[in-house]
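Have a look at the structure below before the remarks.
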Amino acid sequence: MFWFQKEIFLPARKRGFHLITGELLREIPEIQQISIGMANIFIKHTSASLTINENADPDVRRDMETYFSKSVPDGAPYFVHTMEGPDDMPAHIKASIMGPSLNIPIQNGRLNLGTWQGIYLCEHRDYGGSRKIVITLQGEKK
Amino acid sequence: MFWFQKEIFLPARKRGFHLITGELLREIPEIQQISIGMANIFIKHTSASLTINENADPDVRRDMETYFSKSVPDGAPYFVHTMEGPDDMPAHIKASIMGPSLNIPIQNGRLNLGTWQGIYLCEHRDYGGSRKIVITLQGEKK
Amino acid sequence: MFWFQKEIFLPARKRGFHLITGELLREIPEIQQISIGMANIFIKHTSASLTINENADPDVRRDMETYFSKSVPDGAPYFVHTMEGPDDMPAHIKASIMGPSLNIPIQNGRLNLGTWQGIYLCEHRDYGGSRKIVITLQGEKK
Chain A
0 MFWFQKEIFL
10 PARKRGFHLI
20 TGELLREIPE
30 IQQISIGMAN
40 IFIKHTSASL
50 TINENADPDV
60 RRDMETYFSK
70 SVPDGAPYFV
80 HTMEGPDDMP
90 AHIKASIMGP
100 SLNIPIQNGR
110 LNLGTWQGIY
120 LCEHRDYGGS
130 RKIVITLQGE
140 KK
Chain B
0 MFWFQKEIFL
10 PARKRGFHLI
20 TGELLREIPE
30 IQQISIGMAN
40 IFIKHTSASL
50 TINENADPDV
60 RRDMETYFSK
70 SVPDGAPYFV
80 HTMEGPDDMP
90 AHIKASIMGP
100 SLNIPIQNGR
110 LNLGTWQGIY
120 LCEHRDYGGS
130 RKIVITLQGE
140 KK
Chain C
0 MFWFQKEIFL
10 PARKRGFHLI
20 TGELLREIPE
30 IQQISIGMAN
40 IFIKHTSASL
50 TINENADPDV
60 RRDMETYFSK
70 SVPDGAPYFV
80 HTMEGPDDMP
90 AHIKASIMGP
100 SLNIPIQNGR
110 LNLGTWQGIY
120 LCEHRDYGGS
130 RKIVITLQGE
140 KK
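From first to last, the protein sequence lines stand for chains A, B and C. Numbered as in numbering that gives the first Met the number 0, the first sequence ends at 141 without a single skipped number. Numbered as in numbering that gives the first Met the number 0, the second sequence ends at 141 without a single skipped number. Numbered as in numbering that gives the first Met the number 0, the third sequence ends at 141 without a single skipped number.
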């Protein structure tokens, strides 16, 4: 049984949905030692989130941002928690809709993702800054 | 420590929410060997998803489809990613709302679900075709 | 390798979002034995859910309830599953949006949460009653 945990910082990104699969994988060469296992990717924030979606067309990421910002509007009049700006409470709500973590099976040293699946960082703040991620790998050693 | 991973294909289903608990369980008799553990069920697609909800009244599944298709409308004018049809971009969005995986505790050889909980395949495309699922079991052997 | 599973009951709470981090942690002193691991927290219901969000300002919890109850309205005319009351079908939908489980990394005997992250019980029914939670811990022993 193999356990590995690492905390990394992702650089600040603009508001929107960003493909980070390659960036994450470069941080965990240890995954190659696992024959069958699980990867957990966890974001330590409440105004950004993680999701899995289409990894090819950037328009998908653009449409995700358009949709979620329509669905949870900045500065909606019914929000009470407004001290940190009109984008803050919507960011918290989007974070709970998408969720803070992903659990991806590992097979023969690799994430067992579908052909079109990529990992997205969902940055819900206008100026969210750098984001902290915990990656936990576990599984059977090859 | 016991690890088991299996990839299965679910047959094509029409758009909507479908109860698949029994179908999944028939694929994993190995679960009976585990005293305490976790099951991860992961869908390798970005226009279908998995969720847990009420397992008794088919109207719940119908109302879920009604609600989510109102909430994320086919062919909304603000979508840019439209080449694969009016149901494609909404399918991606619903997939991120519901999420691609479930993590269910195992207790004494069985999924430790509540009485009314069932596993749903959420098919968000009009013609999504067959869907690939990865089931990963891990735990202490009995 | 260490496995631990416990089922607990949370007392009935009113409809809304409730911070339960401390209440959960008091139930699992066993977590201190783990150096690297994962915690899974699973709710055995389909009209309540779990999420992680801001742990400081109660207005965030209030705004979450306001938003989700606007977004998934009680008694919407298109719901067919209405026998258990106007808040029941919306509760099922919110449960699938937020999800039934959390997967949180364990580091050196503690949940590896961000400074501002807390665990919420999301009670979507007007009178949901007591709620059953399964906590599963796994990891390397210190």
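Don't be surprised by glycine CBs; every beta carbon is placed ideally from N, CA and C. Model, not experiment: these values are computed from the prediction.
Measure the C-alpha to C-alpha separation of residue i and residue j and round it to an integer number of angstroms.
i: Thr20 (chain B); j: Ile103 (chain A); result: 20 Å
i: Ala55 (chain B); j: Trp115 (chain B); result: 7 Å
i: His44 (chain B); j: Ser100 (chain B); result: 11 Å
i: Ile105 (chain B); j: Ser68 (chain C); result: 33 Å
i: Pro72 (chain C); j: Glu64 (chain C); result: 11 Å
i: His80 (chain C); j: Ser70 (chain B); result: 18 Å
i: Tyr166 (chain A); j: Gln32 (chain C); result: The structure shown does not extend to residue 166 (chain A), since chain A is modelled only from 0 to 141, so the question has no answer here.
i: Leu18 (chain A); j: Met82 (chain C); result: 43 Å
i: Arg61 (chain C); j: Gly74 (chain C); result: 21 Å
i: Ile30 (chain A); j: Ile42 (chain B); result: 20 Å
i: Ile92 (chain A); j: Leu136 (chain A); result: 28 Å
i: Ala90 (chain B); j: Ala47 (chain B); result: 7 Å
i: Gln4 (chain A); j: Val133 (chain A); result: 7 Å
i: Lys13 (chain C); j: Thr50 (chain B); result: 25 Å
i: Gly108 (chain C); j: Phe78 (chain C); result: 46 Å
i: Asp58 (chain A); j: Gly113 (chain A); result: 19 Å
i: Glu6 (chain A); j: Pro85 (chain C); result: 44 Å
i: Ile35 (chain C); j: Lys141 (chain C); result: 8 Å
i: Met37 (chain A); j: Ile118 (chain A); result: 15 Å
i: Leu120 (chain A); j: Gly15 (chain A); result: 8 Å
Assign residue i to one of two classes, buried (16 or more other C-beta atoms within 10 Å of its C-beta) or exposed (fewer than that).
i: Arg130 (chain A); result: buried
i: Pro76 (chain C); result: exposed
i: Gly138 (chain C); result: buried
i: Glu122 (chain A); result: buried
i: Met88 (chain C); result: buried
i: Ala11 (chain C); result: exposed
i: Glu53 (chain B); result: buried
i: Asn39 (chain A); result: buried
i: Asn111 (chain A); result: buried
i: Phe8 (chain A); result: exposed
Practice prompt. Inspect the CB distances between the region 118 to 137 of chain A and the region 22 to 29 of chain C and report whether three or more fall short of 8 Å.
Written response: no
* the region 77 to 89 of chain B: which residues have C-beta closer than 7 Å to a C-beta of chain A, in chain order? -> Tyr77, Phe78, Val79, His80, Met88
Which full runs of the beta strand (DSSP E) of 3+ residues lie inside the region 96 to 131 of chain B, going along the chain?
100 to 106, 116 to 122
| query | Okay, do the region 0 to 9 of chain C and the region 89 to 100 of chain C touch, 3+ Cβ pairs below 8 Å being the bar? | reply | no
For the region 11 to 38 of chain C, list the alpha helix (DSSP H) runs that are entirely contained and at least 4 residues long, ordered along the chain. 20 to 24
### Query
What are the residues of the region 87 to 119 of chain C that lie near chain B, defined by any Cβ-Cβ distance shorter than 7 Å?
Met88, His91, Ile92, Ala94, Ser95, Ile96, Gly98, Pro99, Ser100, Asn102
Practice task
Would you list, in chain order, the members of the region 8 to 25 of chain A that have their beta-carbon closer than 9 Å to a beta-carbon of chain C?
Solution key: none
> What residues from the region 52 to 66 of chain B come within 7 Å of chain C, judged by C-beta to C-beta, listed N to C?
Replying inline: Asn52, Glu53, Asp56, Asp58, Val59, Arg61, Asp62, Met63, Thr65, Tyr66
| request: Note down, in chain order, all residues in the region 33 to 45 of chain A with a beta-carbon under 7 Å from any beta-carbon belonging to chain C. | output: Asn39, Phe41, Lys43, His44, Thr45
* Interface positions of the region 124 to 137 of chain B facing chain A (Cβ-Cβ less than 9 Å), listed along the chain -> Lys131, Val133, Ile134, Thr135, Gln137
TODO: Mind listing, in chain order, the continuous beta strand (DSSP E) runs of no fewer than 3 residues lying wholly within the region 45 to 95 of chain A?
DONE: 47 to 53
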